[in-house]
């Protein structure tokens with residue numbers, strides 16, 4: 001009569017044992033090596049040889065020919081906008097202005113007289129038109145003579161520095177012949193060349209903290225601004241000319257012609273992963289991403305460069321299993337393996 005009781009006790013013991021095993025299995029967390037994808041891990045830094053040029057420069061020349069009377073500056077001089085730089089002999093042009101002024105004054109009087117006489121029908125329409133044409137021609141000649149006189153002077157187009165003087169005093173200067181160069185000193189320009197194979201990686205909005213390091217000042221970094229890239233390549237090198245600007249610091253003697261390197265930190269959608277963190281199944285690539293509850297979740301990624309382990313499909317600060325991925329199953333709880341002392 002005691003047999004049913006014994007059977008019941010055994011059954012309850014088996015049920016209790018199974019529940020305990022199930023609880024232990026559900027609470028078990030496997031120690032694994034984890035990897036947190038760091039911030040800015042998708043930033044690729046490119047370096048390009050560069051040389052400096054003035055942010056603004058111009059070659060000054062006279063609009064009219066003539067004998068150079070005086071250059072009023074020398075190479076290296078700082079000049080202000082509107083300052084006189086060079087003069088042509090102006091005696092002849094001053095005389096032309098005087099003659100043109102006299103002709104204009106006479107033509108103006110004759111035109112006014114013809115207009116009054118025309119109202120009274122004392123002179124013909126043809127005589128009036130001739131007087132008007134003479135007046136307009138004299139006015140145009142006077143304006144041109146004054147312009148030519150003003151063209152005997154060269155003025156600084158902006159604040160800057162005289163970089164080169166091409167001529168000497170008393171030389172005969174042809175129209176548009178190079179006389180001197182003026183360049184800005186407050187703004188400098190870094191010029192560099194980007195290979196066509198790299199150009200597709202560039203997106204002005206994805207470039208962060210572009211900097212310049214000069215050979216003459218290796219300990220200094222200069223923040224660059226305003227990236228401009230030519231739309232046509234140099235056919236001999238298959239590169240595109242690019243320029244960026246930066247303010248010239250007063251504390252350093254930085255000059256056009258100096259060389260250095262431009263560094264562009266380019267953001268990408270790709271992230272660099274530990275090589276042992278991803279695995280393949282049925283031609284697809286996966287990683288084990290660890291959820292906030294500590295469970296492993298299989299996530300598909302796209303590895304675009306196996307040599308550098310560059311991939312799409314994850315974000316900064318995601319936590320993934322970094323090794324032993326073949327021993328992980330979906331939903332398994334995992335935690336960071338900590339090396340014990342003495343091991």
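Residue numbers (UniProt numbering): 1 to 343. Glycine included, every Cβ here is placed at the ideal spot set by N, Cα and C.
Within the same chain, and ignoring the five residues on either side of residue 212 in sequence, the residues whose Cβ sits closer than 6 angstroms to its Cβ are 190, 222, 224, 260, 262.
For residue 225, the pairing in a beta bridge is given by DSSP as 245.
Per DSSP, residue 84 is one residue of the beta strand (DSSP E) stretching across 84-88. The three-state secondary structure of residue 98, taken from DSSP, is helix. Annotation: residue 303 to residue 285 spans about 7 angstroms, alpha carbon to alpha carbon.
CA-to-CA, the gap between residue 172 and residue 151 works out to about 15 angstroms. One alpha carbon belongs to residue 155, the other to residue 181, and they sit about 12 angstroms apart. Contact check between the segment 47-58 and the segment 115-130: fewer than three CB pairs, one atom from each, fall below 8 angstroms, which does not count as touching. Taking C-beta atoms as the reference points, residue 33 and residue 337 count as a pair closer than 7 angstroms.
DSSP lists 298 as the beta-bridge partner residues of residue 288. Residue pairing by DSSP places residue 336 opposite 32 in a beta bridge. The residue among 199, 242, 276 with its C-alpha nearest the C-alpha of residue 323 is 276. In the three-state scheme derived from DSSP, where H, G and I count as helix and E and B as strand, residue 253 is classed as coil. The criterion of a C-beta distance shorter than 7 angstroms is not satisfied by residue 85 and residue 70. Counted as a single uninterrupted DSSP element, the beta strand (DSSP E) harbouring residue 57 occupies residues 57-61. When the five nearest sequence neighbours on each side are left out, the beta carbons in the same chain lying within less than 8 angstroms of the beta carbon of residue 207 are those of 227, 264, 265, 266, 267, in order along the chain.
Look at residue 158 here: in three-state DSSP terms it is coil, with no helix or strand label.
Our two residues, residue 292 and residue 331, have alpha carbons roughly 12 angstroms apart in a direct line. The beta carbons of residue 78 and residue 177 sit about 25 angstroms from each other, so the pair does not count as a contact at 8 angstroms. Excluding residues up to 5 positions away in sequence, 294, 333, 334, 335 lie with their Cβ nearer than 8 angstroms to the Cβ of residue 29 in the same chain.
For residue 213, the enclosing beta strand (DSSP E) has its first and last residue at 207-214.
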